[in-house]
Amino acid sequence: MMDMKVIEGGVTAAKGFQAAAAAAEIKYQGRTDMALIYSEKPCKTAGTFTTNVVKAAPVKWDRAVVESKVKSQAVIVNSGIANACTGEEGMSYCRETAKEAAKVLGVDEAGVLVGSTGVIGMQLPIDRIKAGISKLADAKKGDLASGTEAAKAIMTTDTEKKEAAVTFEIGGKTVTVGGMAKGSGMIHPNMCTMLSFITTDAKISKKALQKALSTDIEDTYNMISVDGDTSTNDTVLLLANGMADNKKIKVGTPEYDLFLEALHYVNETLAKKMAGDGEGATALFEAKIIGASTKEQAKILAKSIVCSNLTKAAIAGHDANWGRILCAMGYSGAEFDPEKVDLYFESAAGKLKIIENGVALDYSEEKATEILSQPEVTAVADIKEGDEEAAAWGCDLTHGYIEINADYRS
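Heads up, the sequence shown is in this note's numbering, so the first residue is 328 and it goes up one at a time.
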């Protein structure tokens with residue numbers, strides 16, 4: 328790893344970024360449900376969005392902003408209502424939100440980004456949103472605590488806030504990348520019900536910014552699954568205000584590689600926090616494929632394992648049911664020789680080889696259960712075909728998942 332330093336904080340870790348949270352009573356009572364990210368200087372933006380054909384109004388809005396050459400200074404996010412399947416009225420609320428934010432914050436309306444998460448099909452109470460924007464503007468600060476409050480305000484069924492930040496050096500200048508995310512259910516590769524907001528003070532070309540983000544989501548957010556449902560609202564936004572004053576980062580330079588590595592750390596950390604905080608989950612479950620002939624083969628196999636409901640249920644029961652893992656690999660669509668596979672279970676409690684060359688070993692079930700009872704559990708499959716590898720992340724499947732989702736609207 329390069330000289331990258333993991334630091335405390337999230338969206339306010341980088342120079343010039345401020346944040347705030349407010350209670351606007353959009354759906355929830357007695358908690359904050361709106362967040363603001365604000366930059367002292369206009370930012371270049373990059374974004375990646377849901378592949379679901381049903382796209383929420385904020386997704387359409389943000390995509391248009393990112394594709395335009397307009398710079399952004401503010402992101403307004405609400406939880407509780409997703410503003411999805413809300414037609415022209417839903418789009419008009421994005422416009423009204425941007426207009427109000429521009430007025431209250433003194434920023435360019437055309438660059439205001441919006442995010443929503445929550446119940447599909449309900450219309451936003453726009454008067455409460457507008458009142459919330461004024462509260463956010465009054466409360467915005469650049470300290471780490473304000474970033475944390477913003478991270479808490481965007482949670483829906485999440486049980487904990489999700490933040491990460493790192494710094495690295497470019498020519499004697501310190502560059503910071505930080506972010507916050509939310510996501511717990513309706514989470515599946517190709518971006519999840521997940522919102523992720525990354526801020527950086529790097530001076531970087533818009534092309535490099537977008538390329539870095541588009542490249543990196545393939546190995547981070549797109550490698551997690553909680554329940555196989557691809558959301559209508561998935562959005563990852565990356566804002567760069569250039570305030571680190573480093574030499575401008577361009578594609579294909581060593582500085583670009585440094586930036587990509589820092590971005591990868593933040594994205595992977597946030598992605599794993601989402602997978603581990605899956606609705607009802609008690610464990611973060613990682614599937615790692617090693618010895619693959621191609622990266623693509625490794626990714627398909629790893630993803631198939633974390634998406635298997637039977638495997639996820641076995642992890643919930645701390646049961647070393649390795650047959651389910653081989654089965655999930657077998658229907659993944661990737662070719663491999665099952666009679667060459669070695670499989671290990673690994674966690675803080677140790678590492679145990681379960682099968683060798685496709686056949687079960689005489690292992691201790693007690694030890695296997697101990698390993699699988701930890702809050703982070705990994706299954707490693709060596710398919711002995713080459714040097715490529717990939718990891719995917721999910722969680723166990725418990726009764727809690729059904730309880731949360733059976734009465735989510737009420």
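Note that CB positions come from ideal geometry on N, CA and C, so glycine has one too.
Query, Result
"C-beta atoms of residue 354 and residue 407 nearer than 7 Å", "yes"
"Where residue 339 falls, given that 16 or more other Cβ within 10 Å makes a residue buried", "buried"
"Helix, strand or coil at residue 340 [DSSP, three-state]", "coil"
"Segments of 3+ residues assigned as beta strand (DSSP E) that fall wholly inside the stretch 433 to 501", "440 to 446 and 489 to 497"
"Closest Cα partner of residue 564 within the set 577, 526 and 570", "526"
"Reference residue 363; option with closest CA among 504, 475, 614 and 537", "475"
"Three-state secondary structure assigned by DSSP to residue 663", "coil"
"Residue 454, buried or exposed, once every other Cβ within 10 Å from all chains shown has been counted against 16", "exposed"
"C-beta atoms of residue 574 and residue 660 nearer than 7 Å", "no"
"Sub-7 Å separation of residue 425 and residue 416 beta-carbons", "no"
"Bridge partner(s) assigned by DSSP for residue 705", "613 and 673"
"Residue 585 - containing beta strand (DSSP E), residue span", "Residue 585 -> not in any beta strand (DSSP E); alpha helix (DSSP H) instead, spanning 581 to 603."
"Cut-off 7 Å between Cβ atoms - residues of its own chain near residue 383, not counting five sequence neighbours on either side", "409, 410, 411, 443, 559 and 560"
"Same chain, Cβ closer than 7 Å to residue 713, five either side skipped, listed in chain order", "618, 619 and 620"
"Host alpha helix (DSSP H) of residue 633 (start-end)", "622 to 634"
"Distance between beta carbons of residue 694 and residue 753, contact taken as under 8 Å", "Beyond the ends of the chain as shown, which are 328 and 737, falls residue 753; an answer cannot be given."
"Chain-order list of residues whose beta-carbon lies under 7 Å from that of residue 572 (same chain, five-residue window excluded)", "500 and 530"
"Where the beta strand (DSSP E) containing residue 718 begins and where it ends", "715 to 722"
"Proximity test, Cβ basis, 7 Å: residue 683 and chain D", "Annotation note: the requested chain D is absent from the structure, which comprises a single protein chain."
"Inter-residue Cα distance where the pair is residue 460 and residue 698", "47 Å"
"For residue 537, three-class secondary structure by DSSP", "helix"
"CB of residue 389 within 7 Å of CB of residue 440, strictly", "yes"
"Assigned secondary structure, residue 399 (DSSP; H/G/I helix, E/B strand, else coil)", "strand"
"Residue span of the alpha helix (DSSP H) that contains residue 696, given as start and end", "692 to 699"
"C-beta atoms of residue 492 and residue 334 nearer than 7 Å", "yes"
"Contact test: residue 706 Cβ vs the ligand SAM heavy atom, cutoff 6 Å", "For the structure depicted, the ligand SAM is absent and the ligand set is empty, with no information on it obtainable."
"In DSSP terms, what residue 345 is bridged to", "365"
"Cross-strand partners of residue 507 (DSSP beta bridge)", "490 and 524"
"Span of the beta strand (DSSP E) around residue 567", "562 to 567"
"Reference residue 586, options 603, 631, 548 and 528, closest by Cα", "528"
"Residue burial classification, residue 534 (beta-carbon count within 10 angstroms, cutoff 16)", "exposed"
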